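Q: The structure that follows is given in the form of structure tokens.
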Amino acid sequence: MTIIRSTWTRATAPALTGLLDAGDWSGSATMAIPSGTLMAQNDANNLYIGLDLTAETGTANPNDYFGFVVDINDNGVIDANRDKLFADWPGTPNRLGMWLMAGPNTTYPASNTQVIPSQLRQGFGPSMNAAANHRQWQIAFALSDLGLTTIDPTAPAPVVNFGLQVAAPPGGPVQTPPNALANFSDLNEIILATVPNANTTNLGPVVGSVGLVGTGMIAADGYCTIPTSPPYYFYPQEAAFSGTLNLIGNETTLIGLWGAGARKYTVAHRYGATLAAANAAAWTPILQSWANYQIVGTTDVWQSFGPDASGFYPMVDPSLAYTIQNLIFEWTTSAEPDGVHQFEFQCFTATGAPVPTPSQVLTLKLDNQPATVDLINVLHAGAPVSPCAIVNLASATDGVQLVYEAFDPEGDLWSFALTAEYGHGLSASIYSDSYTAHESPGHIWQGVASDTRPVPPAVWLPPTTCAYLFQISAWTRTTDGYSFPVLESTDFQTVTLIKPGFTLRPLPVTGPEHVAPGGFETPTAARQPVKALPVK
Numbered sequence: 002m003t004i005i006r007s008t009w010t011r012a013t014a015p016a017l018t019g020l021l022d023a024g025d026w027s028g029s030a031t032m033a034i035p036s037g038t039l040m041a042q043n044d045a046n047n048l049y050i051g052l053d054l055t056a057e058t059g060t061a062n063p064n065d066y067f068g069f070v071v072d073i074n075d076n077g078v079i080d081a082n083r084d085k086l087f088a089d090w091p092g093t094p095n096r097l098g099m100w101l102m103a104g105p106n107t108t109y110p111a112s113n114t115q116v117i118p119s120q121l122r123q124g125f126g127p128s129m130n131a132a133a134n135h136r137q138w139q140i141a142f143a144l145s146d147l148g149l150t151t152i153d154p155t156a157p158a159p160v161v162n163f164g165l166q167v168a169a170p171p172g173g174p175v176q177t178p179p180n181a182l183a184n185f186s187d188l189n190e191i192i193l194a195t196v197p198n199a200n201t202t203n204l205g206p207v208v209g210s211v212g213l214v215g216t217g218m219i220a221a222d223g224y225c226t227i228p229t230s231p232p233y234y235f236y237p238q239e240a241a242f243s244g245t246l247n248l249i250g251n252e253t254t255l256i257g258l259w260g261a262g263a264r265k266y267t268v269a270h271r272y273g274a275t276l277a278a279a280n281a282a283a284w285t286p287i288l289q290s291w292a293n294y295q296i297v298g299t300t301d302v303w304q305s306f307g308p309d310a311s312g313f314y315p316m317v318d319p320s321l322a323y324t325i326q327n328l329i330f331e332w333t334t335s336a337e338p339d340g341v342h343q344f345e346f347q348c349f350t351a352t353g354a355p356v357p358t359p360s361q362v363l364t365l366k367l368d369n370q371p372a373t374v375d376l377i378n379v380l381h382a383g384a385p386v387s388p389c390a391i392v393n394l395a396s397a398t399d400g401v402q403l404v405y406e407a408f409d410p411e412g413d414l415w416s417f418a419l420t421a422e423y424g425h426g427l428s429a430s431i432y433s434d435s436y437t438a439h440e441s442p443g444h445i446w447q448g449v450a451s452d453t454r455p456v457p458p459a460v461w462l463p464p465t466t467c468a469y470l471f472q473i474s475a476w477t478r479t480t481d482g483y484s485f486p487v488l489e490s491t492d493f494q495t496v497t498l499i500k501p502g503f504t505l506r507p508l509p510v511t512g513p514e515h516v517a518p519g520g521f522e523t524p525t526a527a528r529q530p531v532k533a534l535p536v537k
């Protein structure tokens, strides 16, 4: 069993090229595997795995394959129809397949029509670990395929328990840990990163950043903007703040304050509906508590933080490692009024003597309200169509219009989109608008309270006869410090549109073919388990 701690991706996720270059993969977590190295990094939605088989050189072998088995519920036993094996699809090397485990060394076949969000690319060439051409695989696992939800930076780090089988000369097939497909009691572990690496630019003197937003990127009125160049994790534009906010200390300042004897601090707060009102308000202590996880070897140790009876928060030794490094205040905003909030920190020794603390007033514009959206009507020939109705269109130029609302009373709207979804994963854009076309010095754009698109007398022409889901979606111009935008509102209505000359006929039902992963027996029936072939 090997345990590694994944690292967060760089500003952009690694490109799926099949080759593990230093530009995308340096700094990743690594572990030794048969014939090479496994590398791991993740973001909030995906786990990226690189399999770098540096020992397989010469010419590419089309019979190479791998299997990546996952204990979905982390209970150390194989649960049929729950735990999963991922592998390259036989005969289609750039397609990732997913097979449900049926028991030790046994899976159920997978339908040849299977579609999963996780992706795979195979390559043969040089990598960051070796200059000679050799076999490589890149896997982008959707966390949902691994039984995980989107990563919450305030929660414990998720863990992926896995085993690996590799069949590539000179050694394959080989499993790590040994007998990985038959026994889940001692699988390897990948501990996922919960937040990106700390921001190191545009930092404030005490509160260096709010999440990944350097406080130097926050204007005096509390709105933040991150330039779209150079590459960064996300790009809020004139954005207010929303949700739970992590105030991250400036590490250089914290080290200096700790060295000067600082062991506790106070947090002062004031509020106003406007910036002028906030500036004129009196400072009062803000008392909140939060949790963080100290990294002790391969274990994340839960710790609680909050003020003592005198309103002092304990200062953490900045040399200690935490899942959210240098977190000095976690602001839960759900009960706070929208408007302008300001914060100021002062440090003290253990006995309460003041420690000179750099002056900084942090100003944040808070907006926790989602936009109001309403798909008011679907119109055909000027008349409203009932939800789930079937509409027979009169001609090739006959169509529908959509009446909708996408409105943000606070004026912090980022964008909205009117779309149609139909068929198998198909969609069409009908109309959209964004703050970029409505920028103002006061950052105000409310959207529209009522609008019809296309503008009458024009109509939207459906591309084919189908059931359509018409949807209005709107996003407010807000960030939680780690993503943008964060608040989405949606409303929809379904209607079936039948174009002229179309006749409904049932299609014949055919059974899909079923496939086993590489290294397993050939399936004889859809739900008949297939066994793994012997391995070393």
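Mapped onto this note's numbering, the consecutive letters of the sequence shown carry residue numbers 2 to 537.
Heads up, the beta-carbon is just placed ideally off N, CA and C, and yes, glycines get one too.
Note that the coordinates shown come from a computational prediction; the quantities given were computed from them, not determined experimentally.
Taking only runs that begin and end inside the segment 294-353, name each unbroken beta strand (DSSP E) of 3 or more residues, in chain order.
A: With a minimum length of 3 residues, the continuous beta strand (DSSP E) runs that stay inside the segment 294-353 are 300-306, 328-332, 340-349.
Q: In chain order, what residues of the same chain have a beta carbon less than 7 Å from the beta carbon of A1, not counting five sequence neighbours either side?
A: The structure shown does not extend to residue 1, since the chain is modelled only from 2 through 537, so no value can be given for it.
Q: Would DSSP call L498 helix, strand or coil?
A: The answer is strand: DSSP assigns L498 an E or B state.
Q: With burial defined as no fewer than 16 other Cβ atoms inside 10 Å of the residue's Cβ, what is the status of G307: buried or exposed?
A: Under this definition G307 is an exposed residue.
Q: Which runs of the beta strand (DSSP E) fall wholly inside the segment 133-172 and span at least 3 residues, in chain order?
A: Within the segment 133-172, the complete beta strand (DSSP E) runs of at least 3 residues are 160-168.
Q: Just tell me which of L182, T31, D339 has its CA closest to the CA of M129.
A: That would be T31, whose Cα lies nearest to the Cα of M129.
Q: Beta-carbon within less than 8 Å of R271's beta-carbon, same chain only, minus the 5 sequence neighbours each way: which residues are those?
A: For R271, where only same-chain residues beyond five positions count, the Cβ hits under 8 Å are A279, A282, A283, W284, T285, H342, Q343.
Q: Name the one or two DSSP bridge partners that A111 has.
A: Its beta-bridge partners are V516.
Q: Please confirm whether V317 has its beta-carbon closer than 9 Å to some beta-carbon of chain D.
A: No chain D is present in this structure, which holds just one protein chain.
Q: In or out: Q529 buried (at least 16 other Cβ within 10 Å) or exposed?
A: Classification for Q529: exposed.
Q: Pull up the distance between the alpha-carbon of K277 and that of P455, whole angstroms please.
A: The question names Lys, but residue 277 is Ala in the sequence shown. About 42 Å.
Q: With distance defined between alpha-carbon atoms, name the residue in Y294, F67, S490 nearest to N369.
A: It is S490.
Q: By DSSP, does G124 sit in helix, in strand, or in coil?
A: Correct three-state label for G124: strand.
Q: Short check: CB of T373 to CB of A418, under 9 Å?
A: Contact: no.
Q: When you compare the segment 172-189 with the segment 224-241, are there three or more beta-carbon pairs, one atom per stretch, that lie closer than 8 Å?
A: In short, these stretches do not touch, since the Cβ pair count stays below three.
Q: For the alpha helix (DSSP H) that contains E422, what are its first and last residues?
A: Segment 414-423 is the beta strand (DSSP E) holding E422; no alpha helix (DSSP H) there.
Q: For P388, does the count of other Cβ atoms within 10 angstroms reach 16, so buried, or fall short, so exposed?
A: Result: exposed.
Q: What number of angstroms, rounded off, separates the C-alpha of L321 from the C-alpha of Q295?
A: Rounded to whole angstroms, L321 to Q295 spans 8 Å at the Cα level.
Q: For E252, does the three-state DSSP call read helix, strand or coil?
A: In this structure, E252 counts as helix in the three-state DSSP scheme.
Q: Name the residue from L193, F67, G59 whose alpha carbon lies nearest to the alpha carbon of T299.
A: When only C-alpha atoms are compared, the closest one is L193.
Q: Go through its chain and collect everything with a Cβ distance to A16's Cβ below 7 Å, but skip five positions before and after it.
A: Result list for A16: D25, in chain order.
Q: Just verifying my parser: in three-state terms, what is the DSSP assignment at M40?
A: Three-state DSSP puts M40 in a strand.
Q: Can you check the segment 186-237 for any beta strand (DSSP E) of at least 3 residues that lies completely inside it and give the ranges in chain order?
A: If we require 3 residues or more, the beta strand (DSSP E) runs fully inside the segment 186-237 come out as 189-192, 208-211.
Q: Are the segment 255-262 and the segment 487-501 in contact at 8 Å, needing three or more beta carbon pairs?
A: The segment 255-262 is not in contact with the segment 487-501.
Q: Give the secondary structure of W259 by DSSP, where H, G and I count as helix, E and B as strand, and everything else as coil.
A: Reduced to three states, the DSSP call for W259 is helix.
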